[in-house]
Amino acid sequence: MSTECVTCTQSEVCTSAHPSIQEMYSRTHDMGLDTIFDRYQAQQPQCGFGMTGVCCQLCSHGPCRISEKAPRGICGATADTIVARNMVRLAVHGTAAYTHHLEEVAETIKATARGETPYTIGDPDKLREIASVIGLDTDKETNQLADELADVILAELRKSSTEPLALVKLFAPPTRLEAWEKLGVIPGGVLSEVRDALTKSMTSINTDPVDLMLTVLKLSLAAGYMGLVGTITIQDILLGTPGIAESRSDLGIIDPDTVNIVAHGHVPLMATAVIQAAEDSELNELAREAGAEGIKVYGSMCTGQELMQRSGSSARGYAGQLGNWVTQEYIVATGAVDLVMMDMNCSTPGIKSVADQFHTKLVSVDRVVRMEGVDDHIDYSPDKAEEQARELIRMAVEAYRNRNGGVFIPQHQSDVVAGFSVESILGALGGSLDPLLDAVKEGSIRGIAAVVGCTNNRNGHDTRGLNIMKELIKNDVLVINAGCMSSASEMHGLMLPGAAEEAGEGLKAVCNALGIPPVLNFGSCVDIGRIGVAVTAIAGALGVDPSRLPVVASAPEYLEQKAVVDGVFAVGFGLLTHLGPAPPVLGSPMVTRLLTEDIEGLTGGKVLVEEDPVKAAAKMVEHIDEKRKGLGV
Amino acid sequence: MKEILLDYDKCNGCMACAQACAAEHSESKTIVGAILEGVRPRIFVQSVDGKPFPIICRHCEDAPCVDACMAGAMQKDPETGVVTNEGHAEACVGCWMCIMACPYGAVDRDYRSNTALKCDRCPEREIPACVASCPNNALFYTDVNVYADARRTAEGRRLLAIG
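Just so you know, the sequences run in chain order A and B. When the letters of the first sequence are read in order and numbered with my numbering, they come out as residues 33 to 665. When the letters of the second sequence are read in order and numbered with my numbering, they come out as residues 55 to 217.
Here it is, written out as structure tokens:
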């Protein structure tokens, strides 16, 4: 289970913590295929101005970059302005993409309420619970109530930026609301906030770095309460709240003898319809006629995590998780994948260049996803989902017929326990958080770390994240995963009760007593919202503000814009938030100081930038100990 | 006599020098034009363990590339000290002995003419394009004695500060 990076010393190319991916890299390399690890190398060295955020390309005077020689851009903008304005643009992207996900789910609930989709409302209890908090008449029939709730969500998204978001007011801890009100960062309608932020970040409209950074915080709270908490809540209502489930992961689970479909992306709607359609006898007969033994639907990225945590309910039949963002090209390079359905976010052009060497069919299944050379689009539409799912399976069978040999499946796989959520933990603990809180109070669990977000190749795929997690559990810190980091732990066997052997004595005893792994699988990156709900519940149970809890967050391999709003959301929530690669802010002394120091006095949280995994874990543990002292435990 | 000198610590890998070099050696004299014309830069920014490392011809006194050039294309100008095949490139037979001889890897291949390509220190410019373009002051065009003098002062300051 060693994750000491060996590839750096053994080869000129830095690859992955996972043996399966190392083997696949050798295969693509031998085939003469350029994949992500080669392209990373080809991009070196990378420009220091871009890395530190002081490159501005907004107007035709530019690009300008800030240096000792030229401390201001041509318009007069300082490094502080340029860095903060670039941050706003990153946060806008992240917020917009989360909003797309939320809208797709809300529209699907409406179509489901009309009886036009293959889905049924999966968690009517949660629907009534949330409807009651929002103030809807819960005596109404399930479908009608669901329709009204979806209308509320859509109206919240679209209202003006001057009307505060109801979900923030209803779901945030009162102490948090107080802090945010003082800063004037309680967001209004999300789409209006996106419009305002884009307007502010245009050339010469808003050049005040402080106001721009507050805009980043406001967007992140909007993304947090709508895109994260809102999305997981109504997705649970539609597809069912996750329950503890056993599954498998890594490339070794690929069955070479079946028609293999990979659901890749973030929005699990089409994928759920495909999994359900894959049970159809007519389609299975079609697969057998083509010479296959059956049809299997695997997951990749966050769509896979969503399916895994619902594999006991709406995604029954799910074949397991193949990997995360970095692994997509290598999944295709096994030669045993017949179709990749790409929903919103995280399909790279690299997957196409590998697919071109095999029989694999790539299909975009969301109207916003397009890729050069990919001509098959089955854009998800709730009322057509059932037929669209069947069409995708037929396309996969057709592709299976074109298999051209050359299958290579690395023989590595791990079992996984998935499906942790506030509800499933409460269920396992007999209806109360007390056993968990008692373990925290008496110190066998020293604290909780949410190790979440993306993966990247900057320090070896998943290597940094896994080293931090192993260091944390060794120090009796319970780890919760969401996003690509879930996949890292799944493939590495950390999401099994047996992994408690790697934990410190205290955490090991708790894991063994409760039968849980030391790293809990909370699911996809949207499920960071689920962690927010969990931290809110813990803070509520203890009667303190989240910033006083022995809880930290880490995005050790953060990659893209959704992760930027996730990170700032965690800081706004009052948590020490570790970021692996430094975000592009180091060129601005003001923004760097704000995020790493000054913001602590405003929200209670702050960013910790530390590239060394052991030191990063030690600083997080130190922070946890301080918070324990503050609580007198 | 001035030389192109480097302060490696100041380089942040932005490659402005390489772009300016290509532009200077293009017909259009612009960065975009150089890309369209396929002009290659004559200064290199290597990535060594993630750290940018600029490399440019040292215009050696006893230049191995000149010694190795059997065709006599590569020459050292006795007046300017510049080592180049510019002006004699028609003699170059493309044997690449100069590339093998250069200990710094500072000679490259011009794929348009299939001859050796290297720094000519921008004969039409007072200050070479790479030096003029560097936003970080990592490149200097100065007499080596001036550079050494500045280095002595900086080192003295550092040692005195340590005490």
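Glycine included, each C-beta is placed from N, C-alpha and C at the ideal position.
Exercise for review: May I ask you to list the residues that DSSP assigns as paired with isoleucine 512 of chain A?
Suggested key: A/Ala482 and A/Leu552
Check your understanding: So, do the segment 474-494 of chain A and the segment 337-354 of chain A have three or more beta carbon pairs nearer to each other than 8 Å?
Key -> no
Review point. Whose C-beta lies closer than 8 Å to the C-beta of leucine 215 of chain A among residues of the same chain, with five residues either side of it excluded?
Key: Leu246, Leu249, Leu634 and Thr635
Check your understanding: Is glycine 612 of chain A near glycine 637 of chain A, with beta carbons less than 8 Å apart?
Key -> no
Check your understanding: Comparing alpha-carbon positions, which option in A/Ala541, A/Thr568 and A/Leu574 lies nearest lysine 473 of chain A?
Key -> A/Leu574
Check your understanding: Who are isoleucine 58 of chain B's beta bridge partners in DSSP?
Key -> B/Tyr195
**Study point:** Cβ-based contacts, 9 Å cut-off: residues of the segment 128-160 of chain B near chain A
**Key:** none
Check your understanding: Using a C-beta cutoff of 8 Å, does cysteine 79 of chain A count as contacting chain B?
Key -> yes
Check your understanding: Do threonine 110 of chain A and histidine 493 of chain A have their C-beta atoms closer together than 8 Å?
Key -> no
Exercise for review: Using a Cβ cut-off of 7 Å, pull out every chain B residue sitting near serine 99 of chain A, in sequence order please.
Suggested key: Pro189 and Asn190
Exercise for review: Please list the segments of the alpha helix (DSSP H) lying wholly inside the segment 279-353 of chain A, counting only runs of 4 or more residues, in order along the chain.
Suggested key: 301-309, 313-321 and 333-341
Exercise for review: Determine the DSSP secondary structure at methionine 403 of chain A, reduced to helix, strand or coil.
Suggested key: coil
Exercise for review: Could you tell me whether the segment 131-139 of chain A touches the segment 154-174 of chain A, where touching means 3 or more Cβ pairs closer than 8 Å?
Suggested key: no
Review point. Is the segment 167-181 of chain A close to the segment 271-286 of chain A, with three or more CB pairs under 8 Å?
Key: no
Practice item. Pull up the distance between the alpha-carbon of proline 616 of chain A and that of proline 588 of chain A, whole angstroms please. Key: Approximately 15 Å, taken between the alpha carbons.
Practice item. Measure the C-alpha to C-alpha separation of arginine 104 of chain A and alanine 431 of chain A and round it to an integer number of angstroms. Key: 56 Å
Practice item. Can you grab the Cα-Cα spacing for the pair cysteine 65 of chain B / tryptophan 150 of chain B, in whole Å? Key: Spanning the alpha carbons of cysteine 65 of chain B and tryptophan 150 of chain B requires a straight line of approximately 29 Å.
**Study point:** Cutoff 7 Å; reference leucine 230 of chain A; Cβ partners in own chain excluding five residues on either side
**Key:** Val124
Check your understanding: Looking at the unbroken alpha helix (DSSP H) that takes in histidine 61 of chain A, where does it start and where does it end?
Key -> Looking at the DSSP string, the run of the alpha helix (DSSP H) that includes histidine 61 of chain A is 51-62.
Check your understanding: Does cysteine 111 of chain B come within less than 8 Å of chain A when only Cβ atoms are used?
Key -> no
Check your understanding: Could one say the Cβ of methionine 69 of chain B lies closer than 8 Å to chain A's Cβ atoms, at least one of them?
Key -> yes
Check your understanding: Taking just the CA atoms, how far does arginine 97 of chain A sit from histidine 142 of chain B?
Key -> 39 Å
Review point. What separation, rounded to the nearest whole angstrom, lies between the Cα atoms of valine 364 of chain A and methionine 63 of chain A?
Key: 13 Å
Check your understanding: Which residue's Cα is closest to the Cα of glutamine 267 of chain A: A/Ala309, A/Glu139, A/Gln54 and A/Ser99?
Key -> A/Glu139
Check your understanding: Is the distance from the Cβ of lysine 502 of chain A to the Cβ of glycine 536 of chain A below 8 Å?
Key -> no
Exercise for review: Indicate whether glycine 85 of chain A and leucine 618 of chain A have their beta-carbon atoms separated by less than 8 Å.
Suggested key: A contact, by the Cβ cut-off of 8 Å.
Review point. At a CB-CB cut-off below 8 Å, which residues of chain B make contact with alanine 102 of chain A?
Key: Pro189
Review point. How close, in whole Å, do the beta carbons of glycine 92 of chain B and arginine 166 of chain B come, if the pair is a contact with beta carbons under 8 Å?
Key: Rounded, the Cβ-Cβ distance is 6 Å, consistent with contact.
Review point. Is aspartate 63 of chain B close to chain A, meaning its C-beta is less than 8 Å from at least one C-beta of that chain?
Key: no
**Study point:** Buried/exposed call for threonine 113 of chain A, threshold 16 Cβ in 10 Å
**Key:** With 16 or more neighbouring CB atoms inside 10 Å of its own CB, threonine 113 of chain A falls in the buried class.
Practice item. Quick one: list the residues of chain B neighbouring glutamine 353 of chain A, beta-carbon separation under 8 Å, in chain order. Key: Within chain B, no residue comes near glutamine 353 of chain A; the closest Cβ sits about 31 Å away, beyond 8 Å.
Practice item. Provide the residue(s) that pair with phenylalanine 107 of chain B in DSSP beta bridges, ordered along the chain. Key: B/Gln100
Review point. Which residue or residues does DSSP assign as beta-bridge partners of valine 641 of chain A?
Key: A/Leu611
**Study point:** Contact list for the segment 63-93 of chain A against chain B, Cβ threshold 7 Å
**Key:** Gln76, Pro77, Gln78, Cys79, Gly80 and Phe81
Exercise for review: Note down, one range per segment and in chain order, each alpha helix (DSSP H) of at least 4 residues found wholly within the segment 181-263 of chain A.
Suggested key: 198-203, 206-215, 222-232 and 241-254
**Study point:** Sequence-distant residues of its chain with Cβ nearer than 7 Å to glutamate 325 of chain A (five each side left out)
**Key:** Asp289 and Thr290
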